[in-house]
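>
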Amino acid sequence: METILDNWLWGRADVGGLSIVSASVRFRQDCGGREVPLLFVVRGYEVLVDVSDDQLVCLDGVKIAQPDTGKPTSSDCIYLVKSAGDSLAQVRFDGQQKVIAFFPYPTTRQEWETRYTRFAGMVTINIKDGDKQVHVSDHGSLEVMDFFGRRKA
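Residue numbering for the sequence shown follows numbering that gives the first Met the number 0, starting at 0 and increasing by one per position.
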């Protein structure tokens, strides 16, 4: 993975009876430079949101310096679902610039430099589908895996 990926964000949370899993995988420029987002939200066994790729946009928010490397790292992100009509779904992971864990991450190839950073913050979900509306907010985490695409010095 470290030879094709630039970085990825992923978030997970259990908020107000909802379970959320999100990701945004970003490929290196020499591997197409593409971003592939996904978002999955369930309440019990009911799937409320299951979207990926072109149906979804992931916007980076505030970036802070990664504690080990100083590289600007996303401390929050917003997932926006593209939908027709009045339907909408938005999920925000607001890391509030609070790093709670960071470390070099061992990979299958020890010569590649990889860093993991986790933010604790608030997760806010807004879903509107016809008459059905869901709005909840609570604690969750946003995690960043950064593949620097370079060998260790």
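We put the CB at the ideal spot given by N, CA and C, even for glycine.
For L87, which residues from the same chain have a beta carbon less than 6 Å from its beta carbon, with the 5 sequence-adjacent residues on both sides left out?
Excluding five sequence positions before and after L87, the CB atoms of its chain that fall closer than 6 Å to its own CB belong to K127, given in chain order.
> Considering only C-alpha positions, which residue in the set K97, Y115, I99, A12 is nearest to P105?
When the alpha-carbon of P105 is set against those of K97, Y115, I99, A12, the nearest one is in Y115.
> At what residues does the beta strand (DSSP E) containing I19 begin and finish?
17 to 26
> How about V80 and V50: do their beta carbons lie closer than 7 Å?
yes
> Beta-carbon within less than 6 Å of S74's beta-carbon, same chain only, minus the 5 sequence neighbours each way: which residues are those?
So the list reads V61, I63, G94, Q96, F118, once near-sequence residues are dropped.
> Could you check whether the stretch 35 to 43 touches the stretch 14 to 21, counting it as contact only if at least three pairs of C-beta atoms, one from each stretch, sit closer than 8 Å?
Segments in contact, yes.
> Using the three-state DSSP reduction, which class does Q132 fall into: helix, strand or coil?
The answer is strand: DSSP assigns Q132 an E or B state.
> In the stretch 52 to 82, which residue ranges form an unbroken beta strand (DSSP E) of at least 3 residues, counting only runs that do not cross its ends?
You should have 55 to 59, 62 to 64, 71 to 73, 75 to 80.
> Since R33 is in the beta strand (DSSP E), which residue starts that stretch and which ends it?
Here R33 belongs to no beta strand (DSSP E), and DSSP marks it neither H nor E.
> With DSSP run on the structure shown, which of helix, strand or coil describes I3?
coil
> Determine whether the beta carbon atoms of V122 and V14 lie at a separation below 7 Å.
yes
> Which term fits V90, buried or exposed, when burial requires 16 or more other beta carbons within 10 angstroms of its beta carbon?
Buried, since its Cβ has 16 or more Cβ neighbours within 10 Å.
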